[in-house]
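Take the sequence shown: its position 95, counting from 1, is numbered 78 in the numbering used here, and each next residue is one higher. Glycine included, C-beta positions come from ideal geometry on N, C-alpha and C. Working notes for the structure below.
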Amino acid sequence: MSWFAAAFDDLRDPRTGNARRHDLLEVLTMALTASICGAESCSDFADFAVDREDLFREFLRLENGVPSHDTFSRIFRLLDPAAFARCFEQFLTALGEAGAGVVAIDGKTLRRSFDTAAGRSPLAVVTAFASWTRTVIGQESFRPGEGDSEILAARALLECPHLTGQLVTADALHCQTVPRPAASFCFRPRARARRSRSRRPMLPSGASAERNRLGDQAGTSTDDVFINFPLAAAMRRPFAR
């Protein structure tokens, strides 16, 4: 709650006079919590707040009870979108700096996003998912075959400040040179790539590959390649197939 309050402290409350019956930060807290739980509209926010009022009162004052759907709607209509986006970005940054964790990067094609009439390929999105908080901390969209690729979208995500100090995992196609990395990376090459070390993809700048036979120690004979850049010993465990 302290991270959220600090991030949104500078957000101007657009309401005036008696319209400020409900604290802005408390309204945003309830809306964010409801969104994480699947709420998609202001009516959903209000229903969620009513159902969880006892829970919210454990850390919110709620001096005038829970807001109605009209209150949620009015606040989000009046808020400055750009200012809200900046505050939310600060919140995600603080959340990412709370402790080291694993960030998984993966690309997915959006269902029914193709444009047959215009002859355009379907829209795809590369997502950075923080496993320790179970939140999406970044996304980049692209259209395969139109000058974009999952690799380029992932590179844009790697510039995200939330990745500093984190362990980033990705598919084998992302074994590319990473300039000025601020995180540790771990890739799992495909079986055919492991059979030929001469075809090993490029590693992040300054990284070294280690080939480990896991035999008796892990109960398997699988070969695993770790990208040592620099990877904390506690996190150096194989991704079992």
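| Check | Outcome |
| --- | --- |
| Beta-bridge pairing of Q122 - partner residues as DSSP gives them | T110 |
| Residues near R3 in its chain [Cβ-Cβ closer than 8 Å; skip 5 each side] | D(-4) |
| Option in T16, T92, R117, R60 with minimal Cα separation from A32 | T16 |
| Among G0, D37, D(-7), N1, nearest to M13 - alpha-carbon criterion | D37 |
| C-alpha gap between E9 and L45, whole angstroms | 8 Å |
| Cβ distance (whole Å) where L140 is taken to contact G121 below 8 Å | 5 Å |
| Neighbourhood of A(-12) by C-beta distance below 8 Å, restricted to the same chain and skipping five residues each side | L8 |
| N- and C-terminal bounds of the beta strand (DSSP E) containing A87 | 85 to 92 |
| R103 - partner residues in DSSP beta bridges | D98 |
| Cα-Cα separation between A137 and D98, rounded to whole angstroms | 24 Å |
| For P64, three-class secondary structure by DSSP | helix |
| Three-way DSSP call (helix, strand, coil) for D(-4) in this model | coil |
| Spatial distance of C20 from D89 (CA atoms) | 22 Å |
| Cα-Cα separation between S104 and F42, rounded to whole angstroms | 47 Å |
| Chain B within 8 Å of S26, Cβ atoms only | Structure shown: chain B not included; a single protein chain is present. |
| Beta-carbon contacts of H157 that lie in its chain and below 6 Å, excluding the five residues immediately before and after | A137 |
| Residues near S56 in its chain [Cβ-Cβ closer than 8 Å; skip 5 each side] | C25 |
| Per-residue DSSP class, three states only, for D6 | coil |
| Nearest candidate by alpha-carbon position, reference F112, set A29, P64, V85 | V85 |
| Assigned exposure category for L11 - 16 Cβ within 10 Å defines buried | buried |
| Distance between G48 and R95 (C-alpha atoms, nearest Å) | 42 Å |
| Integer-rounded CB distance, given that L78 should sit under 8 Å from T116 | 6 Å |
| Option in N1, S18, K91, C70 with minimal Cα separation from S132 | K91 |
| Terminal residues of the alpha helix (DSSP H) in which V33 lies | 25 to 34 |
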